[in-house]
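Colleague: Residue numbers (our numbering): 1 to 174.
The beta carbon of each residue, even a glycine, is placed where N, CA and C say it ideally should be.
I have a structure I would like to understand better, so I am pasting it below and will then ask my questions one at a time.
This is the structure in structure tokens:
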């Protein structure tokens, strides 16, 4: 993930506690979306989402204060979070069509697909995190999220067909 310290703090400190699983993934899209800086503008999803952003900002400021106290400079690439795509991801989690989500986010198809796949991988990381801590309820929640994320997405190794003898098929047709 982009910021392991902030991600850990977000997961353990109650920042996401009042969000449902769909809103949690929309919130986590802020960690998965490629952005060059922190941008914590509130997308106004819900009161709980707004409160989570406020808690997140408080935690972030505290971490930055501790880092500066000990002269630790965080790599700028580890500090990229934004909620600019959260509404679109929430709509995806609620079952909206890919086309509608794409238009809502103004992302190109490939970038939206990449974001969805990153969220899926992020869920795997979070599941492993909670398994290590023995927090099975949280594991179940993020396994449910993975199913919601991957709905309607078909993934295959290759669309090319190889090593097929089409002469057999054509002989049966004649």
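1) Measuring straight from C-alpha to C-alpha, what distance separates residue 145 and residue 71?
2) Can a CB atom of chain B be found closer than 8 Å to the CB of residue 101?
3) Please tell me whether residue 210 and residue 25 are closer than 8 Å, where the distance is taken between their beta carbons.
4) Confirm, please, whether the CB-CB distance from residue 83 to residue 14 is below 8 Å.
5) Roughly how many angstroms separate the alpha carbons of residue 111 and residue 102, rounded to a whole number?
6) Buried or exposed for residue 73, going by 16 or more other Cβ atoms inside 10 Å?
7) Could you check the C-alpha separation between residue 169 and residue 48 for me, to the nearest Å?
8) In terms of residue numbering, what span does the alpha helix (DSSP H) encompassing residue 85 cover?
9) Can you grab the Cα-Cα spacing for the pair residue 60 / residue 124, in whole Å?
10) Report, in whole angstroms, the separation of the C-beta atoms of residue 90 and residue 28, which I expect to be a contact under 8 Å.
11) Between residue 152 and the rest of its own chain, which residues show a CB-CB distance below 8 Å, the 5 nearest in sequence each way excluded?
12) DSSP three-state call for residue 177: helix, strand or coil?
13) Does residue 116 pass the burial test, meaning 16 or more other C-beta atoms within 10 Å, or should it be called exposed?
14) Rounded to whole angstroms, what is the Cα-Cα separation between residue 2 and residue 64?
15) Using CA atoms only, rank isn't needed, just tell me which of 7, 22 and 69 is closest to residue 143.
16) Run through DSSP, which three-state label would residue 118 get?
Modeller: Reading from the atomic positions:
1) Cα-Cα distance, rounded: 38 Å.
2) Protein chains in the displayed structure number just one, and chain B is not present.
3) The structure shown does not extend to residue 210, since the chain spans only 1 to 174, so no value can be given for it.
4) Between residue 14 and residue 83, the C-beta gap is not smaller than 8 Å, which leaves the two residues out of contact.
5) Their Cα atoms are separated by approximately 9 Å.
6) Exposed: under 16 other Cβ atoms inside 10 Å.
7) Any reading at residue 169 must be qualified, since the residue scores a pLDDT of 49, below 50, and its modelled position is unreliable; no value is offered.
8) No alpha helix (DSSP H) contains residue 85, which DSSP labels as neither H nor E.
9) Each residue's alpha carbon lies about 24 Å from the other.
10) That pair is no contact at about 11 Å.
11) Within the same chain, residue 152 has close Cβ partners 98.
12) Summary: the structure shown does not reach residue 177, with the chain confined to residues 1 through 174, and so no result is reported for it.
13) Using a 10 angstroms sphere on the CB of residue 116, the tally of other CB atoms reaches 16 or more, which defines it as buried.
14) Residue confidence is low: residue 2 scores 47 on pLDDT, short of 50, so the model does not pin down where it sits. Its coordinate-derived value is still stated next. Approximately 15 Å between the Cα atoms of the pair.
15) Ranked by Cα distance from residue 143, the first of 7, 22 and 69 is 22.
16) Residue 118 falls in the helix class under three-state DSSP.
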